[in-house]
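Asks: Quick note: the sequence shown uses the working numbering, first residue -2, plus one each step.
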Amino acid sequence: MRTSIPAIVIAAITLALVSAVGGAASSDTTISGGALAQAIRLTPVDEAALFQRINLPPKLDDAPEVSGKSYTVKSPYWPKVLPGNGKDRPAASDEAAYYPEGGFVRASQGGKDAWIVLDLRQRAILDRYVSLGEKHLISADPSQLDILRDAAATGDDVGVTAGARNFGATEAGKLWTALEGVNPRSFPAPGGAPATPDAGMPADATWITFLLPEGRDARLLYVPGADVLVDYVAQQYYPVPKNLLTLALGADGASGSAAVASVAVPQEKPPGSHAWWFIMLGGGVVLIAAALFLGRSWAKRKAEA
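1. Whose C-alpha, out of T158, I113 and T69, is nearest the C-alpha of L246?
2. Within the same chain, show all residues whose beta-carbon is closer than 6 Å to that of N240, passing over the 5 residues directly before and after it, in chain order.
3. What does the Cβ neighbour count give for P312, buried or exposed, with the cut at 16 atoms within 10 Å?
4. Three or more C-beta pairs under 8 Å: does that hold for the segment 56 to 66 against the segment 86 to 105?
5. What are the partner residues of W204, as DSSP defines its beta bridges?
6. Between the Cα of T193 and the Cα atoms of Q232, A248, T40 and A111, which residue gives the shortest distance?
7. Please list, in chain order, all residues of the same chain as A148 whose beta carbon is under 8 Å from its beta carbon, the five residues on each side excluded.
8. Is the beta carbon of V70 less than 8 Å from the beta carbon of T26?
9. Under DSSP, the alpha helix (DSSP H) around A352 begins and ends at which residues?
10. Could you pull out every residue in the same chain whose Cβ sits closer than 8 Å to the Cβ of A251, ignoring the five residues on either side in sequence?
11. Is it buried or exposed, I104, if we count other Cβ atoms within 10 angstroms and call 16 or more buried?
12. For A60, tell me which candidate among A36, E44, P87 and A94 has the shortest Cα-Cα distance.
13. In the structure shown, what three-state DSSP assignment does R50 receive?
14. Give me the Cα-Cα distance between W75 and L115, rounded to the nearest whole angstrom.
15. Count the other C-beta atoms from every protein chain shown that fall within 10 angstroms of the C-beta of W81, then say buried if there are 16 or more, exposed otherwise.
16. Might you give, ordered along the chain, the residues of its own chain that have their beta carbon closer than 8 Å to the beta carbon of E131, omitting 5 neighbours on each side?
17. So, with DSSP's three-state summary, where would you put D303?
18. Helix, strand or coil: how does DSSP classify R86 here?
19. Quick one, which of Q35, A36 and E44 has its alpha-carbon nearest S23's?
20. Would you kindly report the start and end of the unbroken beta strand (DSSP E) that includes T158?
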């Protein structure tokens, strides 16, 4: 018998190959309105962070009292957290009004208002775009480095580490100065920069981590041999000045320095013994057999009665 590969599988494989070899990833979330001169697209990293939350945003029974400016946030996030049931409740529209004062969101579901509340981390993401956009510091489609660099320049406390080495305020300032005017380019990156983060990395590559005030971080891989920073989420890379970390950290930032070497995350052994798997499986078989035996015995007694 002849088997065929489903079209959806072929499409998924093709998409994975395209993502691996080139083409910047794009976000589907934009914010506009208020005093913003244009709609601004969130970076893929920030969009992913907006979507990540342990539970769904609380839905309010009654409309809250809102004040201040509102902004239109167009995003697949709203239909995700206010889904339809396929019967009497349609999915929410992908456009919603966001009120920074209070963090309220007025979504539209079946022509009716549906009010939800964002948490502090989600609000910080959107508020950063509002602040930078209204100051005309970012374009309609900023890069992740644009957001980080301009946030630090306007007073956000953006912490920086390379490997296990924390940057002081002066060192971070030197790094931002070295990164001025650096713009992204689409993959593939120059030789020496791996195409995926799980590929074999050069020995001198290290992750530079930027810790944002809301408690989340963004990571870019620095590859000294290729003089690039790599953003794997956006599938972009940034050509940077030679010896970037040395410009900021001096000798500690030199290629191959233990101070900025990538830190291996220790893997703990799973608790317990593998023997428990055999005990649990064996116990399961015994319980199933007992259930079958009792069921047959009960049926036999019922038939005899």
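Backbone N, C-alpha and C fix where the C-beta goes; we use that ideal spot for every residue, glycine too.
As the structure is a prediction and not an experimental result, all values here were calculated from the model.
Replies: The short version:
1. T158
2. none
3. Missing from the structure shown is residue 312; the chain here goes from -2 to 302 and no further.
4. yes
5. L218
6. Q232
7. R125, L129, V155 and L209
8. yes
9. Only positions -2 to 302 of the chain appear in this structure, which leaves residue 352 out of reach.
10. N240, L242 and T243
11. The sequence shown places Ala at residue 104, rather than the Ile named in the question. A104 comes out buried.
12. Ranking A36, E44, P87 and A94 by CA distance to the CA of A60 puts A94 first.
13. coil
14. 11 Å
15. Going by the sequence as given, residue 81 is Gly instead of Trp. Answer is exposed; the Cβ neighbour count stays below 16.
16. G31, A32 and L33
17. No answer is possible for residue 303: it lies beyond the span of the chain, which begins at -2 and ends at 302.
18. In the structure shown, R86 sits in coil (DSSP, three-state: anything other than H, G, I, E or B).
19. E44
20. G156 to A159
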